[in-house]
Amino acid sequence: MSDRHTQAAMQLLGLLFSSILPAIPGLLPILSATMVSLSLQFGNAPGSTVGYAIHSMVLCAFLGEVKTGYSFGRLAINLLDRFNVGEFKCKVLFLFSVWVQHHQESLMVTTLTMKDGYATGIETGDFLNAGYNSLNYFIAKLFAGLELDIWEQEIADYRAVLVQIKQHSALTYWDMTQQTVHNLKEARILSDCLVGNAYDETVMIPKHHQDKDLSAIALAYTYKLMLAYFFGNYTSALEYSTQAKQYLMALSGMSCIPNFHFYTALTHLALFTTQPEQEQVELLALVETHQTILQQWAQNAPMNHQHKWYLVEAEKYRVLGNKAEAIEHYDRAIAGAKENDYIQEEALANELAAKFYLAWGKEKVAAGYMQEAYYCYARWGAKAKVGDLEKCYPLLLAPILKQSRSVLSTNETIFTVGTVTSTSSSSSSTSVSDTLDLKAILKASQTISGEIELSKLLSSLLSIIIENAGADKCVLMLLRDNHLLIQGSIIQGTNPVVLQNLRVEESQDIPHKLIYKVKHSQQTVVLLDATADTTLANDPYIIRQQPKSILCNLILHQGQLMGILYLENNLATGAFTSDRVELLNLICAQAAISLENAQLYDRSQQYAQQLERSFEALENALNDLQQAQIQIVQSEKMSALGNLVAGVAHEINNPVGCIIGNVGAVQNSINDLFGLIDLYNDKFPQPGTEIEEELETIDLEYLRDDLPKLIRAMKDGGDRIKSISKSLRTFSRADSDQKQLFNLHEGIDSTILILRHRLKASETRPAIEVITNYGNIPAINCFPGQLNQVFMNILANAIDALDESNNGLSFAEVKANPNCINIQTSVENDRVKIAIIDNGKGMNESVKQKIFDHLFTTKAVGKGTGLGLAIARQIVEETHKGAIAVESALNEGTKFIISLPI
1266 MSDRHTQAAM
1276 QLLGLLFSSI
1286 LPAIPGLLPI
1296 LSATMVSLSL
1306 QFGNAPGSTV
1316 GYAIHSMVLC
1326 AFLGEVKTGY
1336 SFGRLAINLL
1346 DRFNVGEFKC
1356 KVLFLFSVWV
1366 QHHQESLMVT
1376 TLTMKDGYAT
1386 GIETGDFLNA
1396 GYNSLNYFIA
1406 KLFAGLELDI
1416 WEQEIADYRA
1426 VLVQIKQHSA
1436 LTYWDMTQQT
1446 VHNLKEARIL
1456 SDCLVGNAYD
1466 ETVMIPKHHQ
1476 DKDLSAIALA
1486 YTYKLMLAYF
1496 FGNYTSALEY
1506 STQAKQYLMA
1516 LSGMSCIPNF
1526 HFYTALTHLA
1536 LFTTQPEQEQ
1546 VELLALVETH
1556 QTILQQWAQN
1566 APMNHQHKWY
1576 LVEAEKYRVL
1586 GNKAEAIEHY
1596 DRAIAGAKEN
1606 DYIQEEALAN
1616 ELAAKFYLAW
1626 GKEKVAAGYM
1636 QEAYYCYARW
1646 GAKAKVGDLE
1656 KCYPLLLAPI
1666 LKQSRSVLST
1676 NETIFTVGTV
1686 TSTSSSSSST
1696 SVSDTLDLKA
1706 ILKASQTISG
1716 EIELSKLLSS
1726 LLSIIIENAG
1736 ADKCVLMLLR
1746 DNHLLIQGSI
1756 IQGTNPVVLQ
1766 NLRVEESQDI
1776 PHKLIYKVKH
1786 SQQTVVLLDA
1796 TADTTLANDP
1806 YIIRQQPKSI
1816 LCNLILHQGQ
1826 LMGILYLENN
1836 LATGAFTSDR
1846 VELLNLICAQ
1856 AAISLENAQL
1866 YDRSQQYAQQ
1876 LERSFEALEN
1886 ALNDLQQAQI
1896 QIVQSEKMSA
1906 LGNLVAGVAH
1916 EINNPVGCII
1926 GNVGAVQNSI
1936 NDLFGLIDLY
1946 NDKFPQPGTE
1956 IEEELETIDL
1966 EYLRDDLPKL
1976 IRAMKDGGDR
1986 IKSISKSLRT
1996 FSRADSDQKQ
2006 LFNLHEGIDS
2016 TILILRHRLK
2026 ASETRPAIEV
2036 ITNYGNIPAI
2046 NCFPGQLNQV
2056 FMNILANAID
2066 ALDESNNGLS
2076 FAEVKANPNC
2086 INIQTSVEND
2096 RVKIAIIDNG
2106 KGMNESVKQK
2116 IFDHLFTTKA
2126 VGKGTGLGLA
2136 IARQIVEETH
2146 KGAIAVESAL
2156 NEGTKFIISL
2166 PI
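Here the sequence shown stands for residues 1266 to 2167, where the numbers follow our numbering.
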């Protein structure tokens, strides 16, 4: 194989991975191994990235070969940079981060990969995988223990993007995850019931079952298991574990799996003392099974799972009464969780250790652990769990509860930010809730986060700033390739002007020296009196415009400069007070996230337009390819069948002709022999004893009477074989490039003859009756071989349908309602009409709509290609300018109607 052909083959496989294979997951291991083999043998191609990624997923998630799988995954990531294949990047990052990376790296590290995958998908138009990247980004954050308050707003921003790009499947998982977070943050009567503003399990879980969305069912019950365990509802937790286990295979290899085994094992141990002795033995065996799986995960990624294993071991030693080992393992679990920033599991380990010491009677030790658990849950942001601890353990938490309520209380919410001061004025630090209009902040935040189109976002942002910041003029600059471009501006009392894309140095409406200073120092500048600032005394804009107050504010995203806001007030000095600066900082923080998403969306829209044009061309090419495939399959199929049938007919015809031609000669010879015997009988009436005995043995009179009958039967059989041979030749006649007159009845009869062996009676059913009700139709100008193929396909399908309808019925039941195929021909409106009707099980509307589609089949794998009826439609409608239709209803049979011009 040449390098060029190898590259093309791998590109094609890459395309298959990206489009067709998600619907045929069983082929993934086979084709991923195929691509890896090709890549290793002939060199890597862009499509190899997806092949390596899927191969790594198969190795890690299904075969347990984590190190090898991770190596292939890393190879896929490295090749992305080498080949610069944007169209595959989102998918590869999704596969790597969700199924591979967390097997060897910290779960928090995977969130960076997922976020990169999301951004790439939005930019390249791969919205499906962008949605799944963002979804798993937040699932990973939840299981990794990131502070819940930090990503509440981030959820809203990402969700707004998913709504815009219509990724409803990912949104379902998003809402489920967000509702789980709400349950952890807000006290509820039913803490493990996922019902709220984001998600309603009473509606959605039945819908997941209806949609056969096994992943959603498994994840929902895993969330409910975790919540039930956290809030002490152990009986419910066990039920949720049982439900999740049925569908857990749908999450194979994902980070949810070890968490399921972790909380299930802890639930069994929490219920241990309430069970009879025999069931306790069974529970310990179950716990060991879960621990074995956890240990396998911990061996590959100890930073994610080793502390989980220690905590389950501690609980196991607790129920077995081994206090020393329990103490050792509680402390190891706490230390491991703390070292790897699993704050929620650090909290849980402290809580379980506190309960252990409390049951032992060591209340002072228990208090220390419980207070640490309280602080960990509070830092995590699980206010509902904090409230639960306050209610259940007030004595252990007395030193904390006696203090005045802090911001970690479940009953208070206090926002605090620092203030910005200048060298010529100062103000004391204050909270936003004291100095700013919180309602205005929330309104501004909602408005900004709700926009995804860049032009609308810029317009809304400038209007909000000019309204709330006390400025007469505002200019927004965004960083592109280390150059600041003016993307929007507004003057008090006018409408915003956006998407100017004007380089800063080309504008005369801003002080260049100040802008450059802020860009390089990356520090916000507030000038109470701009005309008094000596550093700007020579700036042309300051000299010409004479502004009173100036605020030059940074827009930062994840610590990186994203843009600069320039504001000025021409009427008053000191217009930009610390509270206004504080408000602007909050707006800018929100705007940075929304701007990033809007810019990605804007680029994705441009890319989507290009893709749309490419897809249109690709669709046309695919359609041409499908038509060519149908024609090739049709030609090859008919050629092969025709050659076979013609060959059989030819081979039969020669010996049959010989037999029929010689029957007359045999008859004459026999007559001569009988005449000779009669002559001997007349001349020698006494032939002798020996001859008389022989004549009696062969029964000459019977032979004289029966032998002519045998000869006539042989002649009739030969004539029948000759007729069959003629029918075979009729069916298999080769089509030239010119149509020819053809009697359709001959074609139908020859097809029935070929299928006669399938119509005969069997052990399970009587013979299928074929009733021909032929009208007076003329010969039509057509390609006979192709039409015979149509008749063959429809009749063979009818026989299949009848056999399928007989499943589960006895011979007598089928005989009572016999199988039948009715063929009718007639002339209507200058067209020949052929109707082929069976009394099989029929089709529903969904199947009927797709029955002529390319590659659609209702038959089992290996029993149908999905090409037969597609070919039939092409032969009838495109080649012969006719029409083919189907009428069918369940349990009422099927009728195919073919109409051909005369």
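Backbone N, C-alpha and C fix where the C-beta goes; we use that ideal spot for every residue, glycine too.
- Residue 1868 has its alpha-carbon roughly 41 Å from the corresponding atom of residue 1838.
- The bridge partners DSSP lists for residue 1822 are 1825.
- Between residue 1752 and residue 1765 the beta-carbon gap is near 6 Å, inside 8 Å, which marks them as a contact.
- The residue among 2140, 1473, 2024 and 2059 with its C-alpha nearest the C-alpha of residue 2083 is 2024.
- Shown here, residue 2052 sits in a helix according to DSSP, grouped into three states.
- A Cβ-Cβ distance of about 10 Å is found for the pair residue 1314 and residue 1358, leaving them out of contact under the 8 Å criterion.
- Ranked by how close their Cα comes to the Cα of residue 1527, the residues 1490, 1498 and 1543 have 1490 in first place.
- Distance between residue 1733 and residue 1829, taken at the CA atoms: about 17 Å.
- With contacts defined by Cβ atoms closer than 8 Å, residue 1622 and residue 1634 form a contacting pair.
- Per DSSP, the continuous beta strand (DSSP E) segment holding residue 2164 begins and ends at 2159 to 2166.
- Annotation: residue 1770 to residue 1715 spans about 32 Å, alpha carbon to alpha carbon.
- Following the DSSP letters along the chain, one finds residue 1365 in no beta strand (DSSP E), marked with neither H nor E.
- In terms of Cα proximity to residue 1369, the closest of 1580, 1317, 1571 and 1728 is 1571.
- Judged by DSSP in its simplified three-state form, residue 1466 adopts helix.
- Shown here, residue 1964 sits in coil according to DSSP, grouped into three states, outside any helix or strand.
- The Cβ atoms of residue 2064 and residue 2099 lie no closer than 8 Å to each other.
- Of all alpha-carbon atoms in 1827, 1834 and 1805, the one lying nearest the alpha-carbon of residue 1814 is that of 1834.
- Assigned with DSSP and collapsed to three states, residue 2047 falls in strand.
- Beta bridge pairing from DSSP links residue 2098 with 2091 and 2164.
- Taking the C-beta atoms as reference points, residue 1664 is found nearer than 8 Å to residue 1636.
- When C-beta atoms of the segment 1595 to 1602 are compared with those of the segment 1563 to 1579, three or more pairs fall below 8 Å, so the two segments count as touching.
- Annotation note: the segment 1528 to 1559 contains no uninterrupted beta strand (DSSP E) run of length 3 or greater.
- Per DSSP, reduced to three states, the secondary structure at residue 1350 is coil, with no helix or strand assignment.
- In the displayed model, residue 1775 falls within coil according to three-state DSSP, outside both helix and strand.
- Only residues of its own chain outside the window of five on either side were considered, and among them 1552, 1555 and 1577 have a CB closer than 6 Å to the CB of residue 1530, listed in chain order.
- Here DSSP, grouped into helix, strand and coil, assigns residue 1488 to helix.
- When DSSP reads this structure, residue 2005 sits in a beta bridge with 2047.
- With a 10 Å radius around the Cβ and a threshold of 16 neighbouring Cβ atoms, residue 2069 comes out exposed.
- Runs of the beta strand (DSSP E) lying entirely within the segment 1708 to 1746 and spanning at least 3 residues, in chain order: 1738 to 1745.
- For the 8 Å CB-CB criterion, residue 1783 and residue 1720 do not form a contact.
- Residue 2157 places its beta carbon 8 Å or farther from that of residue 2149.
- Looking at the DSSP output, residue 1753 bridges to 1741 and 1763.
- When 1473, 1472, 1443 and 1474 are compared, the shortest CA-CA separation from residue 1459 is found for 1443.
- Residue 1401 is positioned such that its CB atom lies no closer than 8 Å to that of residue 1456.
- Assignment of beta-bridge partners to residue 2035 by DSSP yields 2086.
- A residue is called buried when at least 16 other Cβ atoms come within 10 angstroms of its Cβ; residue 2145 meets this threshold and is buried.
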